[in-house]
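Peer 1: These protein sequence lines are chains S and W, in that order. Just so you know, we're using the working numbering here: the first sequence kicks off at 23 and counts up by one. Just so you know, we're using the working numbering here: the second sequence kicks off at 23 and counts up by one. Heads up, the beta-carbon is just placed ideally off N, CA and C, and yes, glycines get one too. Submitted below is the structure of interest, expressed as structure tokens.
Protein chains: 2
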Amino acid sequence: MVEDGGHAGENGIGEFDIIARHFAPLATDVSALSLRDDAAVLRPPEGQEIVLTCDTIVEGVHFLKDDPAGSIGHKALAVNLSDLAAKGARPYVYLLALALPAKPDQAWLKAFASGLGALQRRVGASLVGGDTTRTPGLLSITITALGLVPHGHAVLRLGAKRGNRLYVTGTIGDAHLGLRLLKDPKLASRWGLTKEDVAFLAGRYREPQPRTTLALALRNFAAAAIDVSDGLVGDVDKLSSVSDGGAVIEAASVPLSPAAAKAVTRDPELLEALLTGGDDYEIVAAVPEGNTSGFEAEAKSKGVTVTRIGRIEGTTGTRLLGEGGRDMKLGPKGFTHF
Amino acid sequence: MVEDGGHAGENGIGEFDIIARHFAPLATDVSALSLRDDAAVLRPPEGQEIVLTCDTIVEGVHFLKDDPAGSIGHKALAVNLSDLAAKGARPYVYLLALALPAKPDQAWLKAFASGLGALQRRVGASLVGGDTTRTPGLLSITITALGLVPHGHAVLRLGAKRGNRLYVTGTIGDAHLGLRLLKDPKLASRWGLTKEDVAFLAGRYREPQPRTTLALALRNFAAAAIDVSDGLVGDVDKLSSVSDGGAVIEAASVPLSPAAAKAVTRDPELLEALLTGGDDYEIVAAVPEGNTSGFEAEAKSKGVTVTRIGRIEGTTGTRLLGEGGRDMKLGPKGFTHF
């Protein structure tokens, strides 16, 4: 792990201290060299391929300035674990590049590391390196995560075939609502939501739960998969655009949480935003017809709810079907959330 | 490679386009999946360990806003390759996380990718993934680089023994002077530098040359090594602090470029800044006495100049010896550059 100088700042802690106090305890794998070198030295287990992914989260873009530090740490790792899960990989090690605005606060760092630590323990990963730097800009966290998958068994975005069923994990749109509620708490009453609903939706935005336990089901039964980070419709479109056909999503089949369903009942126009909004960190899988019962059973045994939402069929592009099987039109932001 | 939505911004290019146009051509390794997935799938060669490192460079901290885009691309990769070289590893693949302030400019991106591309071709590396995101903050680039080293042959920071000779590659302090000249061009006349001197020193700041070709010499002959990124004295101190002894550096032996030597002649007080300034991206190696001729010969055969600057001896801490072997005192910023 690299630190930019060991100078103790005005608040009395330097980069060395940050690493030693807060991050060294997360470096449980021997390859980390206890974060006392500029690099990690890794000997991956034989017969395994390494799945590599890298995601940055930036203050004001991927999390809110006032989000709890523990949630920010959790989210930085979770968004990467979500990509690993979609590839059917189990988490292995990760590197953390932390760009801190001046004056890192001990309590903030402690909570941040604790959010990272709780999630890495749950999935069996280890911090092995990274970089801590000061920035005159915004708080920004880049994690590079490595996962393991038996040779030749990674699940790709590419590979869905006509006739495959499309499944999605969990529920869709909660994070989108959570973000809007955090920015504008008055929406709660307009949407008829209780305090508990709001807390649930905000939690779904702040602390996405990567579907790590679904990896084996995907490897065994899915033809292709993608994690839903940029919005369900857009991400299905990415999968279908490299598949043998197009995608059809039945809007009425898309699973909503009770809180999200309540909001949509009050304001039906919200549905489009939920289906295209992003930040879900659920997984869409294309499963061959003959594998569906195996996939469903394996997912169930791991406690992951999966729901059929459509199929790959002989068209190109992605169609979203509404009431009566009619094509729903999406607004100009329908496939993006920029 | 992940993009945040495919939305075409006001200037008509979206994140998909950025990746397809500028970065896909750098994804020469098959593990990159042509950057059309959220992850890379890597099958490292047998018998090799993976050396992993990660460094962020931020506008205004590690490069200047007006630095040429090609230099910024070069530097982002070079600082990581420097860490790999210090571990004795050969470059393999890397991931690029790019946080772009609004309105990425096509010409800027093209030049940035071209700087990356020229360096990766020279060292035989491939881009395999990453993340492109917009930031309301400053331009920031995090690269995670993977290198390969035969099992058990990585050179660590840890491992120097009493009696080892300390070597450094290239020349020290050029980048420090280059940065100061870029910020305050009037210093050139005070330091008696020609236009060519200034261009050389600025180039040393903007485009550090990683000592990739030294990797084999380090593996074969060095007991420990570290790359000099935070200043020679500070980085030697990091190496000596985990060694069996302390370090002694003879200031007069530290190699200076003709341009740097000229400046020091005019202003002898500059020497301390050169020895502690940082951004050199040279390598310090601790070499057992019996290996010195082998190390020197191997370095020479690869065209890398190495110079003896001191030794590991039976004290703790790091001593800098000046004229007549007297200890030089360093100012409060002597071991840092924060």
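Is the stretch 249 to 259 of chain W touching the stretch 339 to 350 of chain W, taking contact as three or more C-beta pairs under 8 Å?
Peer 2: As far as the Cβ criterion goes, the stretch 249 to 259 of chain W touches the stretch 339 to 350 of chain W, which means the pair count is three or higher.
Peer 1: Can you list the residues of chain W that residue 109 (chain S) reaches, using a CB-CB cut of under 9 Å?
Peer 2: Neighbours of residue 109 (chain S) on chain W, chain order: 59, 60, 61 and 63.
Peer 1: To the nearest whole angstrom, what separates the beta carbons of residue 138 (chain S) and residue 95 (chain S), a pair I think is in contact under 8 Å?
Peer 2: Yes, residue 138 (chain S) and residue 95 (chain S) are in contact; Cβ-Cβ is about 4 Å, under 8 Å.
Peer 1: Expressed to the nearest angstrom, what Euclidean distance is found between the alpha-carbon atoms of residue 141 (chain S) and residue 297 (chain W)?
Peer 2: So the alpha carbons of these two residues sit roughly 42 Å apart.
Peer 1: Roughly how many whole angstroms lie between the Cα atoms of residue 266 (chain S) and residue 54 (chain W)?
Peer 2: Using only the alpha carbons, I get a separation of about 21 Å.
Peer 1: For chain W, find out if any of its Cβ atoms is closer than 8 Å to the Cβ of residue 233 (chain S); answer yes or no.
Peer 2: Residue 233 (chain S) does not count as touching chain W.
Peer 1: Please name the residue in W:65, W:92 and W:168 whose C-alpha comes closest to that of residue 229 (chain W).
Peer 2: Of the candidates W:65, W:92 and W:168, the one whose C-alpha sits nearest the C-alpha of residue 229 (chain W) is W:92.
Peer 1: Contact defined as beta carbons within less than 8 Å: I believe residue 107 (chain W) pairs with residue 249 (chain W). What is the distance between those atoms, to the nearest angstrom?
Peer 2: With a Cβ gap of about 7 Å, residue 107 (chain W) and residue 249 (chain W) count as contacting.
Peer 1: Count the other CB atoms within 10 Å of the CB of residue 347 (chain W); is the residue buried (16 or more) or exposed (fewer)?
Peer 2: Classification for residue 347 (chain W): exposed.
Peer 1: Within 10 angstroms of its Cβ, does residue 119 (chain S) collect 16 or more other Cβ (buried), or is it exposed?
Peer 2: It counts as buried.
Peer 1: With DSSP as the reference, please indicate the residues paired to residue 156 (chain W) in a beta bridge.
Peer 2: Per DSSP, W:122.
Peer 1: Just checking my contact of residue 159 (chain W) with residue 159 (chain S) at CB under 8 Å: how many whole Å lie between their CB atoms?
Peer 2: Right, the Cβ-Cβ distance comes to about 3 Å (below 8 Å), so this counts as a contact.
Peer 1: Less than 8 Å between the CB atoms is what I'm expecting for residue 181 (chain S) and residue 334 (chain S), so what's the real figure, rounded?
Peer 2: Actually they do not touch by this definition, with Cβ atoms about 10 Å apart.
Peer 1: In the structure shown, what three-state DSSP assignment does residue 269 (chain W) receive?
Peer 2: Looking at residue 269 (chain W) - three-state DSSP - the assignment turns out to be strand.
Peer 1: Would you say residue 265 (chain W) lies against chain S (beta-carbon separation less than 8 Å)?
Peer 2: No, because no Cβ of chain S sits closer than 8 Å to the Cβ of residue 265 (chain W).
Peer 1: I'd like to know whether the C-beta of residue 78 (chain S) is nearer than 8 Å to at least one C-beta of chain W.
Peer 2: So yes, residue 78 (chain S) belongs to the interface.
Peer 1: Label residue 173 (chain S) either buried or exposed according to how many other C-beta atoms from any shown protein chain fall within 10 Å of its C-beta, with 16 as the threshold for buried.
Peer 2: Burial call: exposed.
Peer 1: Starting from residue 119 (chain S), find everything on chain W with Cβ-Cβ shorter than 7 Å and list it in chain order.
Peer 2: Chain W residues near residue 119 (chain S): 76, 78 and 164.
Peer 1: Just the C-alpha distance for residue 68 (chain W) and residue 170 (chain W), rounded to the nearest angstrom, thanks.
Peer 2: Each residue's alpha carbon lies about 10 Å from the other.
Peer 1: Going by DSSP, what residues sit across from residue 348 (chain W) in a beta bridge?
Peer 2: DSSP, once it has assigned bridges, lists no residue as partnering residue 348 (chain W).
Peer 1: Check the Cβ of residue 176 (chain W) against every Cβ in chain S and list those closer than 7 Å, keeping chain order.
Peer 2: Simply 63.
Peer 1: Taking residue 221 (chain W) as the reference, give the member of W:232, W:237, W:128 and W:203 with the closest Cα.
Peer 2: That would be W:203, whose Cα lies nearest to the Cα of residue 221 (chain W).
Peer 1: By Cβ distance, which residues of its chain are closer than 8 Å to residue 100 (chain S), with the 5 residues on each side in sequence left out?
Peer 2: For residue 100 (chain S), where only same-chain residues beyond five positions count, the Cβ hits under 8 Å are 141, 229, 230, 231, 232 and 303.
Peer 1: Taking the Cβ atom as the reference point for each residue, do residue 114 (chain W) and residue 309 (chain W) lie within a distance shorter than 8 Å?
Peer 2: Result no, Cβ atoms of residue 114 (chain W) and residue 309 (chain W) do not sit closer than 8 Å.
Peer 1: To which residues of the same chain is residue 103 (chain W) closer than 7 Å at the C-beta, ignoring the five residues directly before and after it?
Peer 2: The answer, listed in chain order, is 113, 145, 167, 232 and 234.
Peer 1: Indicate whether at least one CB of chain S lies closer than 8 Å to the CB of residue 55 (chain W).
Peer 2: So yes, residue 55 (chain W) belongs to the interface.
Peer 1: May I ask you to list, following chain order, the residues of the stretch 90 to 108 of chain S that have a beta carbon less than 8 Å from some beta carbon of chain W?
Peer 2: Within the stretch 90 to 108 of chain S, the residues whose Cβ lies closer than 8 Å to some Cβ of chain W are 105, 106 and 108, listed in chain order.
Peer 1: State the Cα-Cα distance for the pair residue 150 (chain W) and residue 289 (chain S), rounded to the nearest angstrom.
Peer 2: Roughly 43 Å separates the two Cα atoms.
Peer 1: What residue range does the alpha helix (DSSP H) around residue 288 (chain W) cover?
Peer 2: Residue 288 (chain W) -> alpha helix (DSSP H) spans 280 to 288.
Peer 1: DSSP three-state label for residue 249 (chain W), please.
Peer 2: DSSP places residue 249 (chain W) in strand when its eight states are reduced to three.
Peer 1: Cβ of residue 57 (chain S) within 8 Å of Cβ of residue 45 (chain S)?
Peer 2: A contact, by the Cβ cut-off of 8 Å.
Peer 1: Let me know the beta strand (DSSP E) ranges lying completely inside the stretch 305 to 345 of chain S, each 3 residues or longer, listed in chain order.
Peer 2: Runs found: 328 to 335 and 340 to 343.
Peer 1: Can you list the residues of chain S that residue 158 (chain W) reaches, using a CB-CB cut of under 9 Å?
Peer 2: Ordered by position in chain S, the residues that pass the 9 Å Cβ test against residue 158 (chain W) are 80, 81, 82, 83, 159 and 160.
Peer 1: Measure how close the beta-carbons of residue 246 (chain W) and residue 179 (chain W) come, nearest whole angstrom, since I'm counting them as under 8 Å.
Peer 2: The Cβ separation is near 6 Å, so the contact holds.
Peer 1: Give, in chain order, every unbroken run of the alpha helix (DSSP H) that is at least 4 residues long and sits entirely within the stretch 59 to 142 of chain S.
Peer 2: Entirely contained in the stretch 59 to 142 of chain S, the alpha helix (DSSP H) runs reaching 4 residues are, in chain order, 91 to 108.
Peer 1: Contact check, residue 273 (chain W) vs residue 262 (chain W) under 8 Å by CB: the rounded distance?
Peer 2: Actually they do not touch by this definition, with Cβ atoms about 16 Å apart.
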